[in-house]
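A short write-up of the structure that comes next.
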Amino acid sequence: MNALNAMDDAAWKKIITDGLAVATAVTLEDASKLSVTTVNAPTSIELTTTTTTTGTKGTAAPYVPMSKVMGKYTVKSDESGCLNMKDQKAAIATVIKTESTVATAGTVTVEVKCAVDSGTTYIATIDYTIMMPTSSTPTGEAIVTALKGVSKTKWETDVAKAVGDVTGVPAPTLTAASWTSATDPAASVITTTKGPTTTYTGSTTLGTASTITGKLAVTVGSLAECQKMADANGKDALAKMIADETGADKSTVTVAVACARRRRLSDGRRLTATATATVDYTVQVAATSQVTASTMAAKLKAIDNTAWAGKVTTALANAGTAVTLTNVSVTKTDPTTTKIHNVSSAITGLVSPLVGLFAVLQFLF
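Each residue of the sequence shown is one higher than the last, beginning at 5 in the working numbering.
Right, dumping it as structure tokens:
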């Protein structure tokens with residue numbers, strides 16, 4: 005999905021032109037007249053697969069119509085509060101997901117921007133997008149109604165608490181009754197076309213892959229140390245640490261690091277001299293992996309907070325560019341494992357290049 009999102013319109017045009025030429029030597033009479041515009045970015049959702057046997061027919065992955073609800077809120081705070089909300093946008097997304105009543109299948113993404121209002125007052129602009137299957141309950145219209153029914157006071161209270169509940173982050177002080185719906189929520193359907201039906205002959209084997217996700221809240225001696233953990237060099241060292249502890253290949257490990265800053269108050273008082281790095285890690289475990297997901301998860305769960313502190317310190321010290329951490333302590337969130345059902349590559353190997361092209365084209369219209 006990330007690879008698809010990274011492609012611009014010119015790249016899509018090249019894929020279409022090259023695909024037509026490879027399939028059955030189809031050449032456009034005037035390729036200069038071909039234009040491509042990406043209407044919707046690709047989204048991911050867990051799909052259901054079925055077991056097949058020799059000589060049976062199968063279809064492409066089930067078509068899932070999707071809908072979305074988008075809107076924008078603004079709220080006033082001081083600079084520190086606004087920046088803490090920006091850093092902890094995931095916590096705000098969780099609040100919006102709860103208030104919207106969207107089902108488990110739905111996802112919420114949030115972006116927060118800070119701008120000076122007047123004097124020491126800042127305006128935080130919160131843009132949100134809720135994605136869900138069109139057939140799910142509640143509907144997009146019901147979600148819009150739910151969001152509009154939440155009072156200013158409740159939004160301010162719940163958002164401040166959610167940000168403040170993050171380890172090492174002070175709850176922002178929001179200006180009373182400043183919460184505003186800058187753009188009211190609106191529901192819309194994402195228009196796509198159904199994927200092609202394919203016919204194949206042969207035996208296929210379903211493999212069950214897994215995703216392991218966990219979190220480490222790492223307190224270090226300064227914001228500068230946290231920022232070094234969050235750069236490419238630091239994340240690479242942390243990914244190697246997770247790979248070494250689980251027996252996974254490092255290429256299957258992804259790490260995200262967010263720094264919670266402790267800032268100086270307007271009257272000059274410093275809240276604290278430490279910073280907290282929230283390390284979210286993910287391990288993609290293939291169905292063919294020699295080390296099972298359950299074994300990897302058990303190894304991670306067996307490491308206590310004190311041991312994690314030592315491992316993080318050592319991992320950063322042994323990074324490509326060594327990083328020295330001070331006053332390290334860790335609060336872990338044990339990993340969870342999610343099963344992902346995938347059809348084996350034996351099927352896709354029998355699908356022609358043209359059919360593969362059409363499977364990509366369904367996301368463009």
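All C-beta atoms, glycine included, are put in the ideal place defined by N, C-alpha and C. From a predicted model like this one, the values you see are computed outputs, not experimental measurements.
What residue range does the alpha helix (DSSP H) around residue i cover?
i	result
Ser-298	297 to 305
Leu-8	6 to 9
Ser-104	93 to 104
For residue i and residue j, what's the separation of their Cα atoms in angstroms?
i	j	result
Gly-144	Thr-78	22 Å
Ala-7	Ile-20	16 Å
Met-70	Gly-238	37 Å
Val-167	Ser-84	12 Å
Thr-113	Pro-189	14 Å
Asp-91	Asp-22	42 Å
Ala-262	Val-173	12 Å
Lys-156	Thr-105	17 Å
Ala-279	Ala-25	55 Å
Thr-138	Thr-124	44 Å
Val-347	Thr-256	Because Val-347 sits at a pLDDT of 45, beneath the cut-off of 50, its placement in the model cannot be relied upon, and the following sentence gives the value as read from the coordinates. Using only the alpha carbons, I get a separation of about 19 Å.
Asp-82	Ala-119	10 Å
Using DSSP's beta-bridge definition, name the partner residues of residue i.
i	result
Asp-284	Lys-219 and Ala-260
Gly-314	Partner(s): none; Gly-314 has no beta bridge.
Val-79	Ala-128
Ser-71	Met-136 and Val-193
Ser-333	Thr-223
Ala-279	Val-224
Ile-19	None, per the DSSP bridge assignment.
Lys-343	Ser-214
Thr-289	Position check: residue 289 holds Val in this sequence, whereas Thr was assumed. Answer by DSSP bridge pairing, in chain order: Ser-214.
What first and last residue would you give for the beta strand (DSSP E) that runs through residue i?
i	result
Glu-115	111 to 122
Are the C-beta of residue i and some C-beta of chain C separated by less than 8 Å?
i	result
Ala-247	As a matter of chain content, chain C is missing from the structure shown, which is built from one protein chain.
Contact between the region 221 to 240 and the region 328 to 347 (3+ Cβ pairs under 8 Å): yes
Completely contained beta strand (DSSP E) runs for the region 209 to 265, where each covers 3 or more residues: 210 to 224 and 257 to 264
3 or more residues per run - each beta strand (DSSP E) lying fully within the region 139 to 206: 184 to 194
Cβ pair count under 8 Å reaching 3, the region 72 to 86 against the region 119 to 138: yes
Three-pair Cβ contact test at 8 Å for the region 286 to 295 versus the region 306 to 324: no
At least 3 beta-carbon pairs within less than 8 Å: the region 232 to 246 vs the region 175 to 183: no
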